[in-house]
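For the sequence shown, the numbering used here assigns the number 764 to the initial residue and increments by one for each residue that follows.
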Amino acid sequence: MIRIKTIVYILFFLPVVIQAQSIQEEMATRICECIDEEVSNFDTLNHMIDTCSTRIIVATLSDSTLGYYKNINSVEDLQYILFSTRMSLFQVCPQVRHNVLIYRRTKFYTPPSSQAGNYYFELGAVLYEMEEYGLASAYFKLADKSEKKKPVVYDFMGMCYYRQNQTDLAIKYFTKSLKYFADSDIALLQLAKIYFDKGDYMRSKTYYERFQYLYPESPDAYFGLARIALQYNHPDNAAESGLIAYTLYKQLNYDEDLEACTELLHDIYLELEKINKSFIFKKIIKDYELDIPDEPWLKANKFSK
């Protein structure tokens, strides 16, 4: 029989933990430990659930808590609460992030049909964060079977295959995502990147321009379009997009992207020098009131606003 202490932790403290703006990791860890302790006492999770009397759980709850969990009236609901609880805490608590118990034991659990899509999606998302892309994609496929035509599932499946360098499959699912949600930022941006890497610059440009139109405050499209312009030997166009991308990355404190953008700007600047058009940098910076990269090759005094 599951101990009363565990039930109190799961059903009473959990709402407080999840609803709080700043989640207390110590409490989250303790709840996870309670769930793990109980699961480890049984051969399967179903065995644990079968030995748990719903009546005893209900009898231990206060009226307010019982009202909060009024839908826990079946074994199926209790199963789902336990797994949702574990997954929610798993995502916010780094010290339990690599605890593989959560998906080792899923083979013993079949979620109720009404919740299967969300259950498999949540589990896939956790595994994706753990960089278990093969396992994650398997659960996203189960989520897709339970709830068809959900673009976010296709976005995640595309990312799983992209991370595994299976670009053809990534293209398949990103394209499928756009079929049901034409404005998907993830699908548009990733397709633009994939086609750029494949050398299909025209198709890449199409996706970057669509992304830029929908999300004009994102620096990623400007960065991508700058790379494409440079490939087409249009350093003047590349300079404009590249400097805008640099300014936006700097405002957002995206240090890694800022470094890559600075390297791109250097390449663009060298191409402009070859055709005696390096003055274009100064004009663009002045016209758009952009940030000036603090780089020796820019000769900052020459490019002061």
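Using N, Cα and C, we set each Cβ at its ideal position, and we do this for glycine too.
Is DSSP giving residue i helix, strand or coil here?
i: residue 997; result: coil
i: residue 894; result: coil
i: residue 905; result: helix
i: residue 1055; result: coil
i: residue 866; result: Caution is warranted here: a pLDDT of 45 is assigned to residue 866, below 50, making its placement in the model unreliable, and no coordinate value can be reported.
i: residue 1030; result: helix
i: residue 1050; result: helix
i: residue 914; result: helix
i: residue 949; result: helix
i: residue 979; result: coil
i: residue 921; result: helix
i: residue 987; result: helix
i: residue 1041; result: coil
i: residue 1016; result: coil
i: residue 935; result: helix
i: residue 944; result: coil
i: residue 962; result: coil
i: residue 928; result: coil
Find out if the Cβ-Cβ distance for the pair residue i, residue j is shorter than 8 Å.
i: residue 1005; j: residue 1023; result: no
i: residue 1028; j: residue 998; result: no
i: residue 887; j: residue 903; result: yes
i: residue 1003; j: residue 949; result: no
i: residue 987; j: residue 964; result: no
i: residue 909; j: residue 891; result: no
i: residue 896; j: residue 927; result: yes
i: residue 900; j: residue 923; result: yes
i: residue 954; j: residue 934; result: yes
i: residue 978; j: residue 966; result: no
i: residue 1031; j: residue 1008; result: no
Following a CB-centred definition, is residue i positioned closer than 7 Å to any heavy atom of the ligand PLP?
i: residue 896; result: By its list of ligands, the structure shown contains no ligand whatsoever, and the ligand PLP lies outside what it can speak to.
Quick one: is residue i near chain D, going by C-beta distance under 8 Å?
i: residue 915; result: Absent here is chain D; the protein component of the structure consists of one chain.
Do the region 903-920 and the region 935-955 make contact, defined as three or more Cβ pairs closer than 8 Å? yes
Indicate whether the contact test is met: 3 or more Cβ pairs, each with one atom in the region 994-1001 and one in the region 972-983, closer than 8 Å. no
Is it a yes or a no for the region 1053-1060 touching the region 1018-1035, going by three-plus beta-carbon pairs under 8 Å? yes
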